[in-house]
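Below you'll find the structure, written out as structure tokens, and then a few comments.
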Amino acid sequence: MRLLSFLAVIFLSGCMAQQPPVVEAPPLTKSIVMEEKAVMVDPVVEVAPKPRFVLENIMNLAPGTLRNILGNPSLERKEKGVQVWLYTNAECVLNLYFYPDDNGDFRLDYVATEATDPTAENPTVSPNGCLDSHVVPEGPIADPAPSSLDRNIDPQPDRSDN
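Going by my numbering, the sequence shown opens with residue 506, and the numbers climb by one from there.
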């Protein structure tokens, strides 16, 4: 019995021994190595906006129609059987030549363009680009005059029955 008591004491004393503290191991991480590859990318080329009008669209138009599109010319010359309009801006010079049609009405027959500064590094100019640079911007040109001139205001409508 002594032996059994002795074994029981040894056995129980082994259970009573202090356990080492539990330490959580750090997570395993894989180091990710990314390869860099040189990739050839086509350069982004900005495309110029399409012109609102091109020469093909304005040929054979009447002078009044072109005045609505381009505004008043810088110079207007009338000779026997021809009208020449000149438009100038910082970019180019636009010459419009009107000749009478079979009915005697003047129609646009020929267009000539040139750079404003022929001594510039690149004095070339696109005919369609030149035409587009002279087109009158859309939208109202000026505010209408007030309907009541004596007070310089627009009267409000009668809304009493609303």
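Using N, Cα and C, we set each Cβ at its ideal position, and we do this for glycine too.
{"query": "Residue 560 versus residue 613 - alpha carbon distance", "result": "10 angstroms"}
{"query": "Under the three-state DSSP convention, the category residue 547 falls into", "result": "coil"}
{"query": "C-alpha distance - residue 631 paired with residue 573, whole-angstrom precision", "result": "22 angstroms"}
{"query": "Three-state secondary structure (DSSP) of residue 562", "result": "helix"}
{"query": "Burial state of residue 508 (16 or more Cβ within 10 Å)", "result": "exposed"}
{"query": "First and last residue of the uninterrupted alpha helix (DSSP H) at residue 572", "result": "568 to 575"}
{"query": "Segment contact flag, the region 620 to 630 with the region 587 to 607, C-beta cutoff 8 angstroms, min 3 pairs", "result": "yes"}
{"query": "Cα-Cα separation, residue 582 to residue 603", "result": "10 angstroms"}
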